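Visitor: I am attaching a structure below and will ask some questions about it afterwards.
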Amino acid sequence: MEAHLQHLLNAVVLGGTYALLGIGLTLIFGIMRVVNFTHGELYTFGAYMAYMLAGMMGLNFFMSLAMAALLGMALGALIEFTLLRPLKGADIDTTMLVMIGAGIAMQAGEQLVWGGVAKSVPSPFPTEPVVIGSVSVGMNRLFVLGVALLLLGGFYLLINRTKLGVAMRATFQDPDTAALMGVNRGLMYTLTFALGSGLAATAGALLGPIFVVTPTMGDLVALKAFAIVILGGLGNIPGATIGGFVLALAEEFGAGYLSSGYRDAMGFLLIIAVLIVRPQGLFAMKERIG
Amino acid sequence: MTTRLLPWLFVLVMAVGPLWLGDQYILYVLTSTGIFIIGAMSLNLLLGYTGQLSLGHIAFFGIGAYTSALLSLGFDLDLGGAEPFVLGPQPVWVAFLGGILVAALFGFLIGKLAFRVRGAYFVIVTISFAQVMRMVALNWVDLTEGPMALNNIPPLSVWLPWDGVIPLYRKEYNYLLVLAVAVVCFLVIQRLVQSRVGRALVALRENESLARSVGIDVTRYLVVATVIAAGMAGAAGGLYTHYIRIVDPDVFMFIYTVTMVIMVVTGGKGTLAGPIVGGLAFGVLPEVLREVARPEVQWIIYGVAMIVVVFFLPQGIVPAVKNWFAGRRKRVAATALGLRKETSA
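As given, the protein sequences belong to chains A and B, one line each in that order.
Residue 0 is where the first sequence starts when you use numbering that gives the first Met the number 0, and the numbers rise one by one after that.
Residue 0 is where the second sequence starts when you use numbering that gives the first Met the number 0, and the numbers rise one by one after that.
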């Protein structure tokens with residue numbers, strides 16, 4: 000029983016970050032119809048920013064986290080502005096190829112700047128775990144979960160309760176009509192990409208102190224984000240949130256009870272299972288893209 | 000007449016030229032490039048002719064490589080019964096063909112599964128498939144040796160009138176073998192795309208609903224294309240494994256699929272010569288860059304080159320060159336007729 004509870008707790012903690020990653024990716028796809036292959040690199044970028052600011056410059060960790068998020072947004076906006084904007088109207092395969100090229104260049108750039116040796120971000124939290132009844136969890140992981148939940152909540156408010164959110168949802172539903180209603184479509188695209196990138200960078204910066212930072216850390220994460228997004232249905236924000244937690248549960252329990260070697264394969268096995276049973280995704284909306 | 004002979008002239012130059020130069024390094028580069036070109040040609044069948052961006056293509060390559068290696072080395076498999084299933088080492092060519100067959104079989108299964116969806120979903124499913132294969136190769140240590148890799152894989156052998164059956168240790172023979180397989184694959188693809196099947200594939204690429212409405216069994220043709228492409232990628236994997244003589248789970252890395260995609264897109268997807276032109280460019284480019292740039296910088300150049308190609312040569316090199324020639328011919332004809340001045344005026 001304790002083992003169950005511990006796995007469950009681990010899964011919830013992990014699921015928070017997965018949801019952050021999934022939401023960013025699904026938002027970008029939903030509004031811009033772009034499969035973002037730089038997502039994993041933005042995650043890595045966030046982690047390196049945390050390393051630079053907190054590890055090298057000795058800045059306060061929480062400050063560094065906020066700055067990493069902002070820098071991630073800025074980089075995302077830059078990518079959108081230089082690479083995607085000129086391609087407006089290109090088909091999905093074309094933008095995908097460009098994003099793959101950008102992803103490769105970014106990863107090599109990270110390797111060039113920071114080298115292949117793993118870096119670690121100093122954690123501001125005590126190392127002894129918090130024990131709740133029969134289960135225990137590290138303070139730093141609880142912090143990650145807290146921030147993730149806070150961001151998820153804030154994100155929902157942004158999408159559902161603000162004028163910007165309405166404009167974004169309108170662009171999502173029908174870009175042309177939205178533009179006719181006075182929504183600045185180009186600005187929406189830039190903001191969307193920046194927002195999604197910021198979420199990815201935040202996830203990277205959050206996990207920096209827990210894992211080590213390497214140039215290739217984003218590879219698997221990006222693939223997992225894809226899995227999450229497929230689980231929830233591309234462009235479906237609540238779906239991506241639930242998908243993040245579902246994947247975390249599958250990984251935790253799969254690794255705990257089946258085989259730890261296949262932990263990272265769980266997401267892909269889930270995708271394949273979902274495709275066989277429900278090709279439209281677990282929480283499909285009315286349309287199926289493609 | 001000349002256009003019919005030109006490809007054969009190219010093959011002749013490729014067969015004789017490097018041997019005449021006799022440089023082992025050039026042979027090595029061309030052999031590995033050739034193996035990737037076979038992979039790129041098979042990918043082009045899907046990417047170029049059916050229009051499906053399959054980003055898991057390296058999985059078929061890896062399956063072919065692993066199957067061929069395992070069959071030629073022999074293996075035992077504990078299936079939970081009293082006696083493990085034991086298979087002794089098989090002749091290399093049996094192993095090679097086995098690799099092609101197993102890769103094609105996976106092509107069938109994955110095609111059936113993945114073509115339930117299109118677009119971005121299809122892309123992500125194919126990536127996932129390659130990733131699962133990598134995990135299996137890493138974790139099924141009893142069979143694949145996991146990260147320790149399969150070593151001492153025997154080279155392919157050939158019967159030569161003057162030597163009898165000899166194993167192909169020498170680079171020259173391996174190079175010629177790769178070239179021969181590439182030519183066979185090219186001819187198969189050429190026949191295929193000029194046949195009824197090829198026309199059906201192009202029809203569904205251009206407009207799937209329309210193709211369906213005129214009675215083309217879309218999924219069936221897509222699966223047929225995938226099976227053939229997978230078999231060819233498996234053959235490339237087999238050539239690779241018996242040439243390098245070691246295979247590890249990194250063979251399934253996403254970056255190799257990306258390399259093949261770059262080759263196809265740069266050369267021109269949906270053209271027969273595209274993967275060869277793009278493959279030669281991107282097979283030789285890293286070797287040239289190696290002299291002047293660090294590996295990281297090489298990859299940056301790779302990534303940027305991909306973006307540049309999509310931006311400025313979206314159709315690829317081959318169609319661009321064709322258009323340029325066609326345009327030139329028109330201009331020449333126009334000048335000859337004295338029309339040039341009028342059009343420019």
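Glycine residues also receive a C-beta, built at the ideal position from the N, C-alpha and C atoms.
Keep in mind that this is a model prediction, so the values were computed, not measured.
Going along the chain, which unbroken runs of the beta strand (DSSP E) with 3 or more residues stay wholly within the segment 275-304 of chain B?
Guide: Taking only runs of at least 3 residues, no beta strand (DSSP E) segment lies wholly in the segment 275-304 of chain B.
Visitor: Interface residues of chain B around Phe28 of chain A at Cβ under 8 Å?
Guide: Position 29 of the first sequence, counted from the first residue, corresponds to residue 28 of chain A. Per Cβ cutoff of 8 Å: Ala119.
Visitor: Using the Cα positions of Leu26 of chain B and Ala272 of chain B, report the straight-line distance between them to the nearest angstrom.
Guide: In the second sequence, the residue the question calls residue 26 of chain B occupies position 27. In the second sequence, the residue the question calls residue 272 of chain B occupies position 273. Their backbone Cα atoms lie some 21 Å apart in a straight line.
Visitor: Spell out the partners DSSP gives Pro166 of chain B in its beta bridges.
Guide: As a first step, residue 166 of chain B is located in the second sequence; it is residue number 167 there, counting from the start. According to DSSP, which records beta bridges pairwise, Pro166 of chain B is partnered with B:Ser156.
Visitor: Are the C-beta of Phe171 of chain A and some C-beta of chain B separated by less than 8 Å?
Guide: Residue 171 of chain A sits at position 172 when you count from the first residue of the first sequence. No - not a single Cβ of chain B is within 8 Å of the one on Phe171 of chain A.
Visitor: Quick check on DSSP: helix, strand or coil for Lys118 of chain A?
Guide: Within the first sequence, the letter at position 119 stands for residue 118 of chain A. Residue state, collapsed to three classes: strand.
Visitor: Is Leu5 of chain B buried or exposed, if buried means 16 or more other CB atoms sit within 10 Å of its CB?
Guide: The residue labelled residue 5 of chain B in the question sits at position 6 within the second sequence. By the 10 Å Cβ count, Leu5 of chain B comes out exposed.
Visitor: Reducing DSSP to helix, strand and coil, say where Ala18 of chain A ends up.
Guide: Within the first sequence, residue 18 of chain A is the residue found at index 19, counting from 1. If DSSP states are grouped into helix, strand and coil, Ala18 of chain A belongs with the helices.
Visitor: If I'm right that Val196 of chain B touches Ile37 of chain B with Cβ under 8 Å, what's the distance once you round it to whole angstroms?
Guide: Residue mapping note: residue 196 of chain B aligns to position 197 of the second sequence, counting from 1. Residue mapping note: residue 37 of chain B aligns to position 38 of the second sequence, counting from 1. Contact doesn't hold; Cβ gap of about 20 Å is too wide.
Visitor: Hey, could you find the ends of the beta strand (DSSP E) Ser135 of chain A is sitting in?
Guide: Counting from one through the first sequence, the residue named residue 135 of chain A turns up at place 136. Looking at the DSSP string, the run of the beta strand (DSSP E) that includes Ser135 of chain A is 134-136.
Visitor: Assign Ala202 of chain A to one of two classes, buried (16 or more other C-beta atoms within 10 Å of its C-beta) or exposed (fewer than that).
Guide: To locate residue 202 of chain A, count along the first sequence from 1; it is residue 203. Flag for Ala202 of chain A reads buried.
Visitor: Which bits of chain A does Trp161 of chain B rub up against, with CB to CB less than 8 Å?
Guide: Within the second sequence, the letter at position 162 stands for residue 161 of chain B. The premise fails here: Trp161 of chain B is roughly 47 Å from chain A at the closest Cβ pair, so nothing lies under 8 Å.
Visitor: So, Thr191 of chain A versus Ile22 of chain A, is the Cβ gap smaller than 8 Å?
Guide: On the first sequence, residue 191 of chain A is found 192 positions in, with the first residue counted as 1. On the first sequence, residue 22 of chain A is found 23 positions in, with the first residue counted as 1. It is not a contact, given that the beta carbons lie outside the stated cut-off.
Visitor: For Phe84 of chain B, which residues does DSSP report across the bridge?
Guide: As a working note, residue 84 of chain B is residue 85 in the second sequence. According to DSSP, which records beta bridges pairwise, Phe84 of chain B is partnered with B:Leu76.
Visitor: Determine contact between the segment 220-235 of chain B and the segment 60-71 of chain A, defined as no fewer than three beta-carbon pairs at a distance below 8 Å.
Guide: Taking 8 Å as the limit for Cβ pairs, the verdict is that the segment 60-71 of chain A does not touch the segment 220-235 of chain B.
Visitor: Leu336 of chain B by DSSP, collapsed to three states: which one?
Guide: Within the second sequence, numbered from 1, the residue matching residue 336 of chain B stands at position 337. In the structure shown, Leu336 of chain B sits in coil (DSSP, three-state: anything other than H, G, I, E or B).
Visitor: Okay, do the segment 11-20 of chain A and the segment 160-178 of chain A touch, 3+ Cβ pairs below 8 Å being the bar?
Guide: Flag = no, the segment 11-20 of chain A and the segment 160-178 of chain A do not touch.
Visitor: Give the single residue among A:Met31, A:Asn235, A:Ala249, A:Glu79 whose Cα lies nearest to the Cα of Lys223 of chain A.
Guide: For the purposes of this step, residue 223 of chain A is identified with residue 224 of the first sequence, where counting begins at 1. It is A:Ala249 whose Cα lies nearest to the Cα of Lys223 of chain A.
Visitor: As a quick exercise: from B:Arg204, B:Phe310, B:Gly145, B:Val246, pick the residue whose alpha carbon is nearest that of Arg84 of chain A.
Guide: In the first sequence, residue 84 of chain A corresponds to position 85, counting from 1. Comparing Cα positions, the closest option is B:Phe310.
Visitor: Just the Cα atoms here: how many angstroms apart are Val283 of chain B and Ala94 of chain B?
Guide: To locate residue 283 of chain B, count along the second sequence from 1; it is residue 284. To locate residue 94 of chain B, count along the second sequence from 1; it is residue 95. Those two C-alpha atoms are separated by around 30 Å.
Visitor: If you follow the beta strand (DSSP E) that Ile245 of chain B is part of, which residue opens it and which one closes it?
Guide: Along the second sequence, one-based indexing puts residue 245 of chain B at 246. First-last for Ile245 of chain B: undefined, no H or E at that position.
Visitor: Using DSSP with H/G/I as helix, E/B as strand and the rest coil, what is Ala344 of chain B?
Guide: Position 345 of the second sequence, counted from the first residue, corresponds to residue 344 of chain B. A caution first: Ala344 of chain B carries a pLDDT of 39, below 50, which makes its placement in the model too unreliable to give a value.
Visitor: Is Met147 of chain B near the ligand ADP, in the sense that its beta carbon is under 7 Å from a heavy atom of that ligand?
Guide: This structure lacks the ligand ADP; in fact it carries no ligand of any kind.
Visitor: So Val129 of chain A is in the beta strand (DSSP E); what residue range does that whole segment cover?
Guide: Position 130 of the first sequence holds residue 129 of chain A. 129-131 is the span of the beta strand (DSSP E), which, as asked, contains Val129 of chain A.
Visitor: Expressed to the nearest angstrom, what Euclidean distance is found between the alpha-carbon atoms of Val228 of chain A and Arg277 of chain A?
Guide: Translated into positions along the first sequence, residue 228 of chain A becomes position 229. Translated into positions along the first sequence, residue 277 of chain A becomes position 278. Rounded to whole angstroms, Val228 of chain A to Arg277 of chain A spans 14 Å at the Cα level.
Visitor: Just the chain B side, please: which residues come within less than 9 Å of Met95 of chain A by C-beta, in chain order?
Guide: The sequence position of residue 95 of chain A within the first sequence is 96, counting from 1. Leu52, Leu54, Ala119, Val122, listed in chain order.
Visitor: Could one say the Cβ of Tyr301 of chain B lies closer than 8 Å to chain A's Cβ atoms, at least one of them?
Guide: Translated into positions along the second sequence, residue 301 of chain B becomes position 302. Yes, Tyr301 of chain B counts as interfacial toward chain A.
Visitor: In chain order, what residues of the segment 310-334 of chain B put their CB closer than 9 Å to some CB of chain A?
Guide: Listed by position, the residues of the segment 310-334 of chain B near chain A (Cβ gap below 9 Å) are Phe310, Pro313.
Visitor: Counting contacts by CB-CB distance shorter than 8 Å, is Asn138 of chain B in contact with chain A?
Guide: Translated into the one-based positions of the second sequence, residue 138 of chain B becomes position 139. At least one chain A Cβ lies under 8 Å of Asn138 of chain B.
Visitor: Determine the burial state of Asp247 of chain B: buried for a count of at least 16 other Cβ atoms within 10 Å of its Cβ, exposed for fewer.
Guide: Translated into the one-based positions of the second sequence, residue 247 of chain B becomes position 248. Asp247 of chain B comes out buried.
Visitor: Would you decide whether Gly114 of chain A is buried or exposed? Buried here means 16 or more other CB atoms lie within 10 Å of its CB.
Guide: On the first sequence, residue 114 of chain A is found 115 positions in, with the first residue counted as 1. Exposed, by the Cβ-count rule.
Visitor: In its own chain, which residues sit with a C-beta less than 8 Å from the C-beta of Val101 of chain B, not counting the 5 before and 5 after it?
Guide: Residue 101 of chain B sits at position 102 when you count from the first residue of the second sequence. Hits under 8 Å: Ile62, Gly63, Thr66, Gly233.
Visitor: Any chance the segment 120-138 of chain B sits against the segment 46-61 of chain B, with 3 or more Cβ pairs inside 8 Å?
Guide: Yes, they touch.
Visitor: Can you confirm whether Leu112 of chain B, when its beta carbon is compared against all beta carbons of chain A, has any partner nearer than 8 Å?
Guide: Here the question's residue 112 of chain B lines up with position 113 in the second sequence. Closer than 8 Å to some Cβ of chain A, the Cβ of Leu112 of chain B qualifies, so yes.
Visitor: Give me the subset of the segment 248-279 of chain A whose CB atoms are less than 8 Å from a CB atom of chain B, sorted by chain position.
Guide: Against chain B - using a Cβ distance shorter than 8 Å - the residues of the segment 248-279 of chain A are Ser258, Gly260, Tyr261, Asp263, Ala264, Gly266, Phe267, Leu268, Ile270, Ile271, Leu274, Ile275, Pro278.
Visitor: To be precise: take each residue of the segment 43-55 of chain A, compare its Cβ to all Cβ atoms of chain B, and keep it if any distance is under 8 Å. Which residues remain?
Guide: Answer in chain order: no residues at all.
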